[in-house]
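Numbering (this note's numbering), first residue to last: 3 to 545.
So this is what it looks like as structure tokens:
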């Protein structure tokens, strides 16, 4: 079996099976505008969306709302659109799905079908919303891939608003002028060129963030080449639907414990057996797998993972160049993917060693348990880190944009499972009924005000990516959060203190110099006056 095929096999089972759905979360750029269903043209069509971190209880709330309001659930999780994978993706059980209709779930085969893109989701979800609206039913959109929801609400506008990096159909770098091409290795010059054509866009990106600066320039010149006269950053079109958004929130310590229990639940549902079976199958080929994998560098840049193409020998199963996982918006299971890869390889080596020595390897051996526990701990850490990234995405990107466009966002406390009905289900149902009846809605800050502080902490979208310059430290900072954190940092305050002392010292020296200069000037002037006063008048002896 060829080495590259073995690599593709592992990749297909883990990374592609668990993360291929997100490798194309960034929309594929097309010069042809996407035809939107008629429903999108009417911003009065109501839509209920449930967002939140993994493990917070989004699905429970969505099912409850759909039951109470006569609605149906639309899945917006990038992995749950694939058949199987129920264990790893924590898919809603068949029993719960039987309570209300669920859409966009189990649509494709992760191994054989084409990846499901954000544009696929937008098309399918828009059509569903139109059909449900026609049938007088309420669409309830729920899932952890918040970028899907954003693209549904704002369409192509989400590409620039939410810091995405669309993968174009063609190489748009071909449209860059020669002057820009000559500056590709000079971040300052590249950023200066962007500032010359669009200062607003340039203010969003740090001068050293050459990837985003370059992509913005490529999009700009590609549009010019197509004869599309529009600014680099297009004006917002606003919401395409009339959304009511519930943010299901759980406190950090509570959420961590819940996520650990979720991973344990995966193990209880057979994840260990799945890994063991795959490791046994691949054990004879691990030498070739390791050798080829070493030639496949994984580039990590600001939280975005890019698996680079190995060349013409790579089979279609291996991710292609520029397939990226969006920062903060990777799939909840994506953090586990690497650990499953590691578990498969480590366990496969143990299997191979036992086969070479003629020993047997019972599946429940102590060595297997030890190995699995080590990987299990890392899986739990990866899941908790993913939840933190989701929370950051909600606070810094999705919620601020919703608030700016006037969409009501309610934060519901799901920290205590025993109080979930009182603190989440009941208030959400009452608010949703008022929303659908076009009644006045309560102020979001009055619904559990302690938790609603998280809404007030979100950054205004207009300031999120503003570039700040610290002349004291000679550094640039992107956004209010970075700027405020820097100004409060010990290093900045210490340098500022030293600068103030130096400025005061320089001012004092300058003042003293001025006094001395004034004294010297006065002395010189006085001397000349004294000399004039003491001079002997000229005598004229007239004859």
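Every residue gets a Cβ at the ideal spot worked out from N, C-alpha and C, and that includes glycine.
Can you grab the Cα-Cα spacing for the pair residue 328 / residue 504, in whole Å?
-> Summary for residue 328: the model assigns pLDDT 31, below 50, so the residue's position carries little reliability; its value from the coordinates is reported in the next sentence. Note on geometry: alpha-carbon atoms of residue 328 and residue 504 lie some 45 Å from one another.
Pairing CB atoms from the region 51–67 with CB atoms from the region 127–146, are three or more of them under 8 Å?
-> In short, these stretches touch, since the Cβ pair count reaches three.
Please state if the CB of residue 135 and the CB of residue 50 are separated by a distance shorter than 9 Å.
-> Result no, Cβ atoms of residue 50 and residue 135 do not sit closer than 9 Å.
Taking the continuous beta strand (DSSP E) assigned at residue 51, which residues delimit it?
-> Here the beta strand (DSSP E) through residue 51 covers 48–54.
Could you name the residues that DSSP lists as bridge partners for residue 256?
-> Residue pairing for residue 256: DSSP places it in no beta bridge.
Per DSSP, cross-strand counterpart(s) of residue 77 = The secondary-structure analysis by DSSP pairs residue 77 across a beta bridge with 144.
Do the region 74–82 and the region 92–105 touch if we need at least three Cβ pairs shorter than 8 Å?
-> When Cβ pairs closer than 8 Å are counted between the two stretches, the region 74–82 is seen to touch the region 92–105, the count reaching three or more.
Opposite residue 249 in the DSSP bridges: which residues?
-> Beta-bridge pairing links residue 249 to 53 and 413.
Alpha-carbon spacing of residue 82 relative to residue 263, whole angstroms = Spanning the alpha carbons of residue 82 and residue 263 requires a straight line of approximately 20 Å.
Less than 8 Å between the CB atoms is what I'm expecting for residue 392 and residue 55, so what's the real figure, rounded?
-> About 4 Å separates the two Cβ atoms, so the contact holds.
Among the residues of its own chain, which have a CB less than 7 Å from the CB of residue 417, if the five just before and after it don't count?
-> Setting aside the 5 residues that flank it on each side, residue 417 is surrounded in the same chain by 252, 253 and 256, each with a C-beta closer than 7 Å to its C-beta; the list follows chain order.
Could you pull out every residue in the same chain whose Cβ sits closer than 6 Å to the Cβ of residue 410, ignoring the five residues on either side in sequence?
-> Residues of the same chain with a CB within less than 6 Å of the CB of residue 410, apart from the 5 flanking positions on each side, are 246 and 443 in chain order.
Please determine, among 223, 526 and 150, the residue with the shortest C-alpha to C-alpha distance to residue 179.
-> The closest CA to that of residue 179, considering only 223, 526 and 150, is found on 223.
Rounded to the nearest angstrom, how far is the Cβ of residue 438 from that of residue 53, given a contact under 8 Å?
-> So it is not a contact: roughly 19 Å between Cβ atoms.
Are there 16 or more other CB atoms within 10 angstroms of the CB of residue 210, so buried, or fewer, so exposed?
-> With fewer than 16 other Cβ atoms within 10 Å, it is exposed.
Residue 151 versus residue 129 - alpha carbon distance | Near 14 Å, if we compare the C-alpha coordinates of residue 129 and residue 151.
Among 185, 250, 58 and 187, nearest to residue 401 - alpha-carbon criterion | Of 185, 250, 58 and 187, the residue nearest in Cα terms is 250.
Beta-carbon proximity check, residue 243 vs residue 155, cutoff 9 Å = Cβ distance < 9 Å, so residue 243 and residue 155 count as in contact.
When the Cα atoms are used, what is the spatial distance from residue 157 to residue 398?
-> Looking at the two C-alpha atoms, the distance is approximately 19 Å.
Starting from the Cα of residue 412, find the closest Cα among 420, 427 and 419 and give me that residue.
-> Of 420, 427 and 419, the smallest CA-CA separation from residue 412 is found for 427.
Minimum C-alpha distance to residue 2 - residue among 488, 248 and 493 | The displayed coordinates of the chain run from 3 to 545. Any statement about residue 2 would go beyond what the structure contains.
Return the chain-ordered list of same chain residues with a C-beta closer than 7 Å to the C-beta of residue 58, the five sequence neighbours on each side being excluded.
-> Contacts found: 250, 251, 252, 257 and 416.
Name the residue from 139, 485 and 175 whose alpha carbon lies nearest to the alpha carbon of residue 227.
-> Of the candidates 139, 485 and 175, the one whose C-alpha sits nearest the C-alpha of residue 227 is 175.
Are residue 153 and residue 120 close, meaning C-beta to C-beta below 9 Å?
-> It is a contact, given that the beta carbons lie within the stated cut-off.
Going along the chain, which residues of its own chain have a beta-carbon closer than 6 Å to the beta-carbon of residue 60, five neighbours each way excluded?
-> For residue 60, where only same-chain residues beyond five positions count, the Cβ hits under 6 Å are 52, 54, 144 and 250.
What first and last residue would you give for the alpha helix (DSSP H) that runs through residue 135?
-> Note, residue 135: alpha helix (DSSP H), 120–136.
Please report the residue range of the alpha helix (DSSP H) in which residue 220 lies.
-> Where residue 220 is concerned, the enclosing alpha helix (DSSP H) stretches over 212–227.
Use the C-beta contact count for residue 446: other C-beta atoms within 10 angstroms, 16 or more gives buried, fewer gives exposed.
-> Answer is buried; the Cβ neighbour count reaches 16.
Determine the contact status of residue 108 and residue 85, defining contact as a CB-CB distance below 9 Å.
-> Between residue 108 and residue 85, the C-beta spacing is below 9 Å.
What's the C-alpha gap between residue 492 and residue 196?
-> C-alpha of residue 492 to C-alpha of residue 196: approximately 33 Å in a straight line.
Would you call the CB atoms of residue 186 and residue 218 closer than 9 Å?
-> No, the pair does not count as a contact, with Cβ atoms beyond the cut-off.
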